[in-house]
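**Q** Before we start, here is the structure in question, set down as structure tokens.
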Amino acid sequence: GSGHKRRSRCAAPPEGQLAKAKAVTTLCARSELAALRPFLAHFLARQVPRRLAQASPEELGVLLKVLEAISLTPSGAEVYLHQCLQPALLLCMSPALGRT
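Taking my numbering as reference, the numbering of the sequence shown is continuous, increasing by one, and the terminal residue is 149.
Okay, structure coming up:
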């Protein structure tokens, strides 16, 4: 080992964006908003590929956190999970996200 810590391709948002990402993911995970998750999944499935080239690494990190929050809910995600996989994979493979 060179002593350097290896960065994950799916890096967490920087400290400045961490609070915003936590607020968004907490909101997405609320049970009162469960009926909106399939629509959010559909929206993200269409928007993430469009945003990859223009979005900042911080924005891409927040998008990934939102996908994570709606995909890992205790129940109901099986209805829209297939819509979350492609954008999550695109985000994880994005060179911009790996730079955060």
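Just so you know, even glycine gets a beta-carbon here, dropped at the ideal spot from N, CA and C.
Computed from a predicted structure; not experimentally measured.
1) So, helix, strand or coil for Arg99, using DSSP?
2) In this structure, how does DSSP classify Thr75 when only helix, strand and coil are distinguished?
3) What's the call for Gln132, buried or exposed, on a 16-neighbour Cβ count within 10 Å?
4) Does DSSP put Ser124 in a helix, a strand or coil?
5) With a 10 Å radius around its C-beta and 16 neighbouring C-beta atoms as the bar for buried, classify Arg86 as buried or exposed.
**A** Once the coordinates are examined:
1) Note: Arg99 maps to helix in three-state DSSP.
2) Correct three-state label for Thr75: helix.
3) Gln132 comes out buried.
4) Correct three-state label for Ser124: coil.
5) Under the 10 Å beta carbon count, Arg86 is surrounded by 16 or more other beta carbons and is classified as buried.
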